[in-house]
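Notes for the one structure printed next.
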Amino acid sequence: MKKEIGKYFWQRVDELIEGRYSVQDLCKICNLNYRTIRNQRSTETVPDIWHVYLIALLLDTSMDYLYYGDSTLADPEVKYLAKKLSEMTPLQLAKARRRIEVLSQPSDKVAETPLSLSKEEEPCEE
Numbered sequence: 011m012k013k014e015i016g017k018y019f020w021q022r023v024d025e026l027i028e029g030r031y032s033v034q035d036l037c038k039i040c041n042l043n044y045r046t047i048r049n050q051r052s053t054e055t056v057p058d059i060w061h062v063y064l065i066a067l068l069l070d071t072s073m074d075y076l077y078y079g080d081s082t083l084a085d086p087e088v089k090y091l092a093k094k095l096s097e098m099t100p101l102q103l104a105k106a107r108r109r110i111e112v113l114s115q116p117s118d119k120v121a122e123t124p125l126s127l128s129k130e131e132e133p134c135e136e
């Protein structure tokens, strides 16, 4: 099932970027690693939720659409996360992203990494 979701996820992304962006453009704009995205595309793997959110934001679509093609089929957990992410301010998004990055590190590195943003990392409020 996961592989099938990944296959259709990337097909929908391809449809939405066609004529607008290249995969390299998408990676640059969303600050994604091109090799990682290329690997995920070839293995039909869906990126983590933060990257899905950034891609959906860039392509002016919903995460539900990218995952399922129809928001009525969406997993309640994905709907909940998408709703919460859409309600966050830029500063809250930056802090959430930092927490995700810290928590995805090996456990021995987590203890030495602060969860709060330094002044240099804080995004400008618009």
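For the sequence shown, the working numbering begins at 11 and goes up steadily by one.
Backbone N, C-alpha and C define an ideal beta-carbon position, used for all residues, glycine too.
Model, not experiment: these values are computed from the prediction.
- Annotated as distal: G79 and E54, with beta-carbon spacing of 8 Å or more.
- Take the alpha-carbon of S72 and the one of A66: they are about 6 Å apart.
- Residue burial is scored here from C-beta neighbours: I47 has at least 16 other C-beta atoms within 10 angstroms and is therefore classed as buried.
- Taking the C-beta atoms as reference points, L101 is found no nearer than 8 Å to I59.
- A straight line joining the alpha-carbon of E14 with that of D24 spans about 15 Å.
- For the pair L76 and I39, the CB atoms are not nearer than the 8 Å cut-off.
- For the set R108, D74 and N49, the Cα lying nearest the Cα of R22 is the one of D74.
- Under the three-state reduction of DSSP, L42 is assigned to coil, being neither helix nor strand.
- Short of 8 Å from the beta carbon of E97, and not among the five residues preceding or following it, lies no beta carbon of its own chain.
- Excluding five sequence positions before and after R51, the CB atoms of its chain that fall closer than 8 Å to its own CB belong to W20 and V33, given in chain order.
- DSSP, read as helix, strand or coil, puts G79 in coil.
- Assignment of G29 by DSSP, reduced to helix, strand and coil, places it in the coil class.
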